[in-house]
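2 protein chains.
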Amino acid sequence: MSSGNLLVAFQGEHGAFSEEAVLKNKDVLAELDGSKRGLETIPYPSFEDVIKAVEKSWVDYGILPIENSQEGTISETYDLLIKYNVYAVLDIKLRVVHCLISHKDTEIKDIKKVYSHVQGLKQCSDFIDRYRWEKIPTYNTAGSVQIILDHNDRSEAAIASKKAADIYNMKILKEGIENNDRNYTRFFIISNTQQTELEYHLSNFSAKFDNIYKEIPIKTTVIFSTYHTPGALYGCIGELANRGINISKLESRPNREKNWEYFFFLDFEGSIDDKKCKEAIENLRKKASFLKVLGSYICLES
Amino acid sequence: MSSGNLLVAFQGEHGAFSEEAVLKNKDVLAELDGSKRGLETIPYPSFEDVIKAVEKSWVDYGILPIENSQEGTISETYDLLIKYNVYAVLDIKLRVVHCLISHKDTEIKDIKKVYSHVQGLKQCSDFIDRYRWEKIPTYNTAGSVQIILDHNDRSEAAIASKKAADIYNMKILKEGIENNDRNYTRFFIISNTQQTELEYHLSNFSAKFDNIYKEIPIKTTVIFSTYHTPGALYGCIGELANRGINISKLESRPNREKNWEYFFFLDFEGSIDDKKCKEAIENLRKKASFLKVLGSYICLES
Chain A
6 MSSGNLLVAF QGEHGAFSEE AVLKNKDVLA ELDGSKRGLE TIPYPSFEDV IKAVEKSWVD
66 YGILPIENSQ EGTISETYDL LIKYNVYAVL DIKLRVVHCL ISHKDTEIKD IKKVYSHVQG
126 LKQCSDFIDR YRWEKIPTYN TAGSVQIILD HNDRSEAAIA SKKAADIYNM KILKEGIENN
186 DRNYTRFFII SNTQQTELEY HLSNFSAKFD NIYKEIPIKT TVIFSTYHTP GALYGCIGEL
246 ANRGINISKL ESRPNREKNW EYFFFLDFEG SIDDKKCKEA IENLRKKASF LKVLGSYICL
306 ES
Chain B
6 MSSGNLLVAF QGEHGAFSEE AVLKNKDVLA ELDGSKRGLE TIPYPSFEDV IKAVEKSWVD
66 YGILPIENSQ EGTISETYDL LIKYNVYAVL DIKLRVVHCL ISHKDTEIKD IKKVYSHVQG
126 LKQCSDFIDR YRWEKIPTYN TAGSVQIILD HNDRSEAAIA SKKAADIYNM KILKEGIENN
186 DRNYTRFFII SNTQQTELEY HLSNFSAKFD NIYKEIPIKT TVIFSTYHTP GALYGCIGEL
246 ANRGINISKL ESRPNREKNW EYFFFLDFEG SIDDKKCKEA IENLRKKASF LKVLGSYICL
306 ES
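First to last, the sequence lines map onto chains A and B. Everything in the first sequence is counted per my numbering, starting at 6 for the first residue and increasing by one. Everything in the second sequence is counted per my numbering, starting at 6 for the first residue and increasing by one.
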């Protein structure tokens, strides 16, 4: 890597929520990396470009959204995590505050069209529908501000972060227009090296920072497939349940090679450094037709 | 209902894949309904409009896509099935064949932009990316043909069904441009009345039609939430597994009221008319913090 800085890839344009999640946690990430370097965020056009850059060591880390508290799983990320050889090393939850952004001389009554990422439009649908504005889906939230800037039409508005409005020097007509004030997005920081010594890092974090997600500080994610026999999934989950390991999420994604067969993403509390988690994974490996350990990670909330 | 016909609501414009799925199975649906009436498909702008029309008896049935073999769960449908009081009465799998549709005088080399529903763009991404065309997401596939017709710009193309090209009298430049020739979409036919006597209907179907999905003819879907205790999900699934009932799908959706809690959608083989399925559901009801039986249905492939 040519830069002296710690490089972190994100999807979208500067001002994206992914970038905000990295910048809010940059001290934690530097601590985890053990690095004294500065941190630089690098925009990439797609999620696949981000994960590829991480796999090929063009950057040190990448960030990918995996789940929104209101809209659910970001399925594209899950599919990429099956395809590429990377690890989850940190779990970050970010409170997502959407702003209605316009040209300086626009008032709410002037607006006819509103641009944002599909997720942004969904997360603010109650507000948008009250005004019956036309919704135009774009490929990212911050980029939608660039679009209305280019069009220079005061009947157009965008939905994005406060930061995006600042970057493009546009007006914030209204802040916090999301349907639900419990709107959080969960991200994975990914690396091409598995994170270890989680308990050591966690104690360092706890001493220095206050944004550790207190109740469930360390989790592990595994991806697996089952054989096509009755009770197969139940048997796999039993390897965890019977050891008293708490499952926090179970999600299925289709296997693109075999119709109506699935990959399961299982999040559970505990680390691959723990003896009982290690045992559970080894037994799961014997029962599953496919198993990949995505990694163990500390959970943060910011 | 004012019309003498059996009314079936679908989302989008005439020529949509949902409508195709209904029309291909109209004899089966008439048989299930026990009706001698003709069948009429009614377009609605959104999935929510479709499910609302069914709940309020403005139509007899509705159709909603629930899953694509390549792209996975249609999360919007799952959320609506939690919110509205309807039942799944039939499961239809449709082989989705996408066409590249243009103006009569357009050649492939003239194209710069391509319009379709986000799912259509995703399902044909390999083909589109080969030409580096700009992708413009729209709210439905058939509607994107209407858009390029209105724009009257020969550098624009749309991705939709063969039927949509016929309806708008446009040219099919290429048929079958989807990434994967195993591209199927699974739909639920919904009703505000639960379907019963499935074995009786199945024997009628088998005698008359040849599009029954042979291996798994009857399935049931339940939606449930678990208490937040270790082993809770495992205990719920055990009610089925321990009775030898095969789970065909398990999917989680976020609870919008409680962050990082989930509704599980569980599909299993068998009908609510079966004694052991009925028992499993009753026991699941005791263990779950929430349970809703979405219904039992016959599975078809067309």
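Virtual Cβ for every residue (Gly too), placed ideally from N, Cα, C. If you're wondering where the values come from, they're calculated on a predicted model, not measured in any experiment.
**Prompt:** Quick one: does leucine 238/B have its CB under 8 Å from some CB of chain A?
**Reply:** With 8 Å as the cut-off, leucine 238/B counts as an interface residue toward chain A.
**Item:** Residue environment, methionine 6/B, which counts as buried when at least 16 other CB atoms sit within 10 Å
**Value:** In this prediction, methionine 6/B scores a pLDDT of 46, lower than 50, which makes its location untrustworthy; the coordinate-derived value is nonetheless stated afterwards. So methionine 6/B ends up on the exposed side.
**Asked** Whose CA, out of Lys41/A, Lys219/A and Arg261/A, lies closest to the CA of glycine 9/A?
**Response** Out of Lys41/A, Lys219/A and Arg261/A, Lys41/A has the C-alpha closest to the C-alpha of glycine 9/A.
**Item:** Range covered by the beta strand (DSSP E) that runs through serine 121/B
**Value:** Boundaries of the beta strand (DSSP E) around serine 121/B: 118-122.
**Item:** Contacts that isoleucine 252/B makes with chain A (C-beta to C-beta distance below 7 Å)
**Value:** Leu238
**Asked** Closer than 8 Å, CB to CB, is tryptophan 265/B near chain A or not?
**Response** It does: the Cβ of tryptophan 265/B has a partner Cβ on chain A nearer than 8 Å.
**Asked** Whose Cβ in chain B lies nearer than 9 Å to the Cβ of serine 80/A?
**Response** Glu76, Gly77, Thr78 and Ser80
**Sequence-distant residues of the same chain with beta carbon closer than 6 Å to threonine 78/B, five excluded per side** = Glu72 and Glu256
**Item:** Rounded straight-line distance, which links the Cα of leucine 126/A to that of serine 166/A
**Value:** 13 Å
**Request:** If I'm right that aspartate 115/B touches serine 80/B with Cβ under 8 Å, what's the distance once you round it to whole angstroms?
**Result:** Taking a contact as a CB-CB distance under 8 Å, the pair aspartate 115/B and serine 80/B does not count as one, their CB atoms being some 36 Å apart.
**Message:** Below 7 Å on C-beta distance, what does arginine 261/B contact in chain A?
**Reply:** Gln75 and Asn185
**Message:** Strictly below 9 Å CB to CB, what residues from chain A border proline 70/B?
**Reply:** Simply none; closest approach about 14 Å.
**Asked** Where DSSP assigns a beta bridge to glycine 300/B, which residues make up the other side?
**Response** Thr226/B
**Message:** For a quick check, are the C-beta atoms of isoleucine 303/B and isoleucine 250/B less than 8 Å apart?
**Reply:** no
**Message:** Suppose contacts are defined by Cβ-Cβ distances below 8 Å. Is cysteine 241/A in contact with threonine 225/A by that definition?
**Reply:** no
**Message:** I'd like the span of the alpha helix (DSSP H) that includes alanine 285/B, first residue to last.
**Reply:** 280-292
**Asked** arginine 290/B and tyrosine 83/B look like a contact to me (Cβ under 8 Å); what is the Cβ gap, rounded to whole Å?
**Response** Not a contact, Cβ separation roughly 20 Å.
**Contact with chain A by proline 142/B, beta-carbon distance below 8 Å** = yes
**Request:** Work out the CA separation of tyrosine 120/B and aspartate 158/B for me, nearest whole Å.
**Result:** One C-alpha to the other measures close to 12 Å.
**Asked** Roughly how many angstroms lie between the CA atoms of lysine 31/B and valine 59/B, to the nearest whole one?
**Response** 17 Å
**Asked** Taking 8 Å as the CB-CB cut-off, is arginine 258/A touching chain B?
**Response** Yes, because at least one Cβ of chain B sits closer than 8 Å to the Cβ of arginine 258/A.
**threonine 190/A - partner residues in DSSP beta bridges** = Asn73/A and Leu99/A
**Prompt:** Could one say the Cβ of glycine 39/B lies closer than 8 Å to chain A's Cβ atoms, at least one of them?
**Reply:** no
**Request:** Step through the CB atoms of chain A and report whether any lies within less than 8 Å of the CB of alanine 246/B.
**Result:** yes
**Asked** Using 8 Å as the limit for Cβ to Cβ distance, is tyrosine 66/B near chain A?
**Response** no
**Residues bridged to isoleucine 250/A [DSSP beta-bridge criterion]** = In the DSSP output, where bridge partners are listed per residue, isoleucine 250/A has none listed.
**Message:** Just to confirm my understanding: we take alanine 246/A, look at its own chain, exclude 5 residues before and 5 after, and list those with CB closer than 8 Å. What are they?
**Reply:** Once the five neighbours on either side are set aside, the close Cβ partners of alanine 246/A are Ile252.
**Asked** When you compare only the Cα positions, how much space is there between glutamine 200/A and glycine 300/A?
**Response** 7 Å
**Item:** Contacting residues, own chain, Cβ-Cβ under 7 Å from alanine 35/A (five flanking each side not counted)
**Value:** Leu11 and Leu44
**chain A contact for isoleucine 153/B (CB, 8 Å cutoff)** = no
**Message:** Quick check: what's the CA-CA separation for threonine 46/A versus lysine 98/B?
**Reply:** 44 Å
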